[in-house]
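With the working numbering, you'll find the sequence shown wraps up at 808, consecutive numbering, no jumps.
We treat Cβ as the ideally placed atom computed from N, Cα and C, and that holds for glycine.
Values in this document were obtained by computation on a predicted structure and should not be read as measured data.
Shown next, in structure tokens, is the structure this report addresses.
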Amino acid sequence: MHLSSAPVSLLDLVYREGCLTELGDLSVTQKSGMFRKLGAVHQLKCAGRGNKGIILATMARTLHVSKQAILNWQTLYDKHGCLALVDGRGAAAKGRSHLADITAQWIKDLWLCAQRNDSGAEVRRQVLDQWRLWQRTGDPQWTIPGYASAPPDCGKGYPAGFSAETFRRCCKPSDWEASLARQGTIASYRNLPSIRSTRVGTKYLETVFFDDQKIDIQVRVPGYAKPMVPLCFNALDRLTAYPFDPHTRLRWFDVEEQVNRSLTQKEYVWYRITILVEQGYRTDGDGTTHVEEHGTAKGWANKMLKTPDGHHSFEAAVLAITGGCCKTASSALFNQAAFKELLYGPQSSGNPRFKAPIESFFHVVRTYMLPLIGQTGRNPDEAPEETYGLDQYERSIIRDVCEFPQYMQDRLNEGLLSNYLTGAELASFTPLIYRALRNRTDHNMEGWADCHFMEPVWRWKDDEPGKWRPRSELARFPQTLRDTALCEQSLDPSLSTIIPWSPEVARAVNLQDPAIKKLDWKDAIHLLPTTWAKHVKVRNNHELHITEELLPGVELIYLPQLTTPRGRTENLSPGDELMVYLNPLRPDVLLVCDMKFQFIGTLIRSVRIGKDNNQLEAMFAQRSRLKSTLEAPVRRAMQPVADRRDAVKQLNADLLQQARDVTPKSEIKTTRQRKGTSPGELADDALSNIAPHVETTHTDDLDF
Numbered sequence: 105m106h107l108s109s110a111p112v113s114l115l116d117l118v119y120r121e122g123c124l125t126e127l128g129d130l131s132v133t134q135k136s137g138m139f140r141k142l143g144a145v146h147q148l149k150c151a152g153r154g155n156k157g158i159i160l161a162t163m164a165r166t167l168h169v170s171k172q173a174i175l176n177w178q179t180l181y182d183k184h185g186c187l188a189l190v191d192g193r194g195a196a197a198k199g200r201s202h203l204a205d206i207t208a209q210w211i212k213d214l215w216l217c218a219q220r221n222d223s224g225a226e227v228r229r230q231v232l233d234q235w236r237l238w239q240r241t242g243d244p245q246w247t248i249p250g251y252a253s254a255p256p257d258c259g260k261g262y263p264a265g266f267s268a269e270t271f272r273r274c275c276k277p278s279d280w281e282a283s284l285a286r287q288g289t290i291a292s293y294r295n296l297p298s299i300r301s302t303r304v305g306t307k308y309l310e311t312v313f314f315d316d317q318k319i320d321i322q323v324r325v326p327g328y329a330k331p332m333v334p335l336c337f338n339a340l341d342r343l344t345a346y347p348f349d350p351h352t353r354l355r356w357f358d359v360e361e362q363v364n365r366s367l368t369q370k371e372y373v374w375y376r377i378t379i380l381v382e383q384g385y386r387t388d389g390d391g392t393t394h395v396e397e398h399g400t401a402k403g404w405a406n407k408m409l410k411t412p413d414g415h416h417s418f419e420a421a422v423l424a425i426t427g428g429c430c431k432t433a434s435s436a437l438f439n440q441a442a443f444k445e446l447l448y449g450p451q452s453s454g455n456p457r458f459k460a461p462i463e464s465f466f467h468v469v470r471t472y473m474l475p476l477i478g479q480t481g482r483n484p485d486e487a488p489e490e491t492y493g494l495d496q497y498e499r500s501i502i503r504d505v506c507e508f509p510q511y512m513q514d515r516l517n518e519g520l521l522s523n524y525l526t527g528a529e530l531a532s533f534t535p536l537i538y539r540a541l542r543n544r545t546d547h548n549m550e551g552w553a554d555c556h557f558m559e560p561v562w563r564w565k566d567d568e569p570g571k572w573r574p575r576s577e578l579a580r581f582p583q584t585l586r587d588t589a590l591c592e593q594s595l596d597p598s599l600s601t602i603i604p605w606s607p608e609v610a611r612a613v614n615l616q617d618p619a620i621k622k623l624d625w626k627d628a629i630h631l632l633p634t635t636w637a638k639h640v641k642v643r644n645n646h647e648l649h650i651t652e653e654l655l656p657g658v659e660l661i662y663l664p665q666l667t668t669p670r671g672r673t674e675n676l677s678p679g680d681e682l683m684v685y686l687n688p689l690r691p692d693v694l695l696v697c698d699m700k701f702q703f704i705g706t707l708i709r710s711v712r713i714g715k716d717n718n719q720l721e722a723m724f725a726q727r728s729r730l731k732s733t734l735e736a737p738v739r740r741a742m743q744p745v746a747d748r749r750d751a752v753k754q755l756n757a758d759l760l761q762q763a764r765d766v767t768p769k770s771e772i773k774t775t776r777q778r779k780g781t782s783p784g785e786l787a788d789d790a791l792s793n794i795a796p797h798v799e800t801t802h803t804d805d806l807d808f
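Below, the structure written as structure tokens:
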């Protein structure tokens, strides 16, 4: 279709195409829209050489459309004529909802069954293919719902209302519908409103969140074949946002099993016990609720396991030992299909929004750890490209070190540098980072002001920037200084402000709550399955040797001095059989039970001692006490022999002393004078010196 360069009216153009009849069927809105587009196309066609760009820009500004839209109109006109410029979305004067509801729903159903985000184009292609088959063959199997017969072509190669824009506007599923159909229930929940909650009105330790996280850095440790990733369990108090000390370890690679050893349920259970022992729980009406997940951070529950008290789950055991004060909560488990008729459900998963505070805290932890070397990115897809090369280099260094004998490996490991953190550096940095998180005041936590965790502060005009003084300090000043400070603050508002407390301060204020009670370590045996206990026997050298799968390559040695629940010390004997619970988070103390799982006390681990003189002295004292206790039976048996030897020694000493008393000193040979004399001669000399005096001395004087 081509326009002549001679002046012509727009109606003449429509007449030449023979479209006057179709023009009469259009609404006023459609007609005006078509002529508006046709006029723009006509002007563009009639533009002289070099003027099209200027005319295109002018028309785009006048019609409030893009230049590309006008070029698209020109393409439609060239291919299909004037009727191609009719807005099909308003066909038959029915406005923008041209498609019948049944037709729109049918197209939407097709769209929902497609898996990709850009499935709309493919769905429209399928619909148009079906329309063409129906139009060409008249076969009812190609019927489009909502139509009694195949609809005519609107002049654009498809029926009126079947444009891509109409499909998008009338048939495209919502984000929630699409995620539910394509992925399922878990994904669709991201498009539902959040259930918001507040910390206002809660108490310290009323709600404690537990979860595990992977830290986005790499760590190189001598002795392992490749760099490792740190893993940790965390606990967070809801009211104060105080992060308790985490349990951190490395995900090490088991060479024998060829698997990565990640965090275990056993470690999580011991971590929760640690929180109950070191932090405590509430005993008032509000109680304490521990919020956990449905994955690794989940307490044990198994009908085949039981505690010494007969409980078959960690939750029931904790509830019992705390008198019903400490409960466990977890979100609903997502493991059902979106609709049960679909039969197949997803892998079990909890709702991360159920413990949103600790998930948000993990984001802050990773942010604070950004300056550390060896960053891996959020996931493998977002990892730095250089990570691959760095990992290969670090592995090569580890392999090269292993070629040397052990003494040289130790020297190399002390001197070689790494592009990753070492295990020792991670152990030193982690407490510093958590200390900074506890003491941060640059936060805007929900409900903080309503909890009165804010403090008005002030400073003198001459104070350095950033230094703030508490209001209590101002109250202790004399009246003249207070007036001066208040006058400065009234003239300069920047000298006073209100700052939020840190989580450390907020916790300190609530720490002395009388409703808080702590468990004792001995209570742990009532929370653990009996199958977790280890059967050990005291060795002949009075030591207990234990191995733990969570501490690979380490044999733990414990001294046999048992500290009873009443604080007394008793010594175990070689051959004694015990059931012991080893806490992999605190391996220095061993919980000891008898064979009937009755708690009898704790044992202290024997460790290698370096230059710590105090520790060395303490260990020697402990061994001395053990030696004194162990030698008591032998001492008692040998006491008669010791008494006889003592009597012989005392009698001989008294006899020699009496002889010295009655013998002139000039006749007694000194040790120097007897030097070189044989033992026999010394004896003869002694007898000769004594004999004359014995003959003239009364035997009673010698006390024979």
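Just the Cα atoms here: how many angstroms apart are residue i and residue j?
i	j	result
Leu590	Arg544	28 Å
Asn614	Ser500	52 Å
Leu340	Gln230	53 Å
Leu541	Pro347	8 Å
Gly389	Thr426	13 Å
Ser131	Ala264	14 Å
Leu309	Met408	32 Å
Ile603	Leu335	34 Å
Thr387	Leu623	12 Å
Ser278	Arg575	54 Å
Leu599	Glu550	26 Å
Ser201	Pro488	In this predicted model, Ser201 has a pLDDT of only 41, less than 50, meaning its place in the structure is not dependable; the value taken from the coordinates is given anyway. Roughly 49 Å separates the two Cα atoms.
Lys571	Asn548	20 Å
Phe533	Trp552	28 Å
Glu396	Ser434	5 Å
Leu759	Val752	11 Å
Tyr74	Arg470	Residue 74 cannot be examined here, being either before or after the span of the chain that is shown, 105 to 808.
Could you check which residue in the options has the C-alpha nearest to that of residue i?
i	options	result
Ser732	Asp617, Asn675 and Leu180	Asn675
Val325	Gly152, Thr526, Met699 and Pro607	Thr526
His394	Cys430, Trp404, Ile425 and Val381	Cys430
Asn338	Met332, Arg764, Trp356 and Ile319	Ile319
Asp680	Thr667, Pro669 and Cys697	Cys697
Leu354	Val745, Pro691, Arg503 and Pro656	Pro656
Less than 7 Å between the beta carbons of residue i and residue j, yes or no?
i	j	result
Asp554	Val323	no
Ala411	Glu419	A small fix is needed here, since residue 411 is Thr in this sequence, not Ala. Against a cut-off of 7 Å, the Cβ pair of Glu419 and Thr411 comes out as no contact.
Pro607	Thr352	no
Ile537	Gly384	no
Gly250	Ile211	no
Arg273	Thr311	no
Phe703	Lys626	yes
Asn517	Leu494	no
Gln239	Ala254	yes
Leu530	Ile629	no
Ala188	Lys260	yes
Ala204	Phe314	no
Ile377	Leu654	no
Ile321	Gly481	no
Asp316	Leu367	yes
Glu659	Thr668	no
Trp356	Arg365	yes
Ala282	Arg228	no
Val642	Pro688	no
Thr673	Val693	no
Val745	Leu682	no
Going by DSSP, which residues form a beta bridge with residue i?
i	result
Ser710	Its beta-bridge partners do not exist; DSSP assigns none.
Gln317	Cys336
Pro574	Val561
Ala433	Val395
Thr601	Val561
Asn364	Phe357
query: Can you list the beta strand (DSSP E) stretches of 3 or more residues lying completely in the region 478 to 531, in chain order?
result: Here no run is fully enclosed.
field: Residue ranges of each alpha helix (DSSP H) within the region 220 to 305, 4 or longer
entry: Within the region 220 to 305, the alpha helix (DSSP H) runs of at least 4 residues that lie entirely inside it are, in chain order, 223 to 241, 268 to 275, 279 to 286 and 289 to 292.
task: Output the residue ranges of the alpha helix (DSSP H) runs that lie fully inside the region 604 to 684 and measure 4 residues or longer, sorted by chain position.
output: You should have 607 to 614.
- request: Please specify which runs of the alpha helix (DSSP H), each continuous and at least 4 residues long, are wholly inside the region 371 to 426, giving them in chain order.
  value: Here the runs fully enclosed are 418 to 425.
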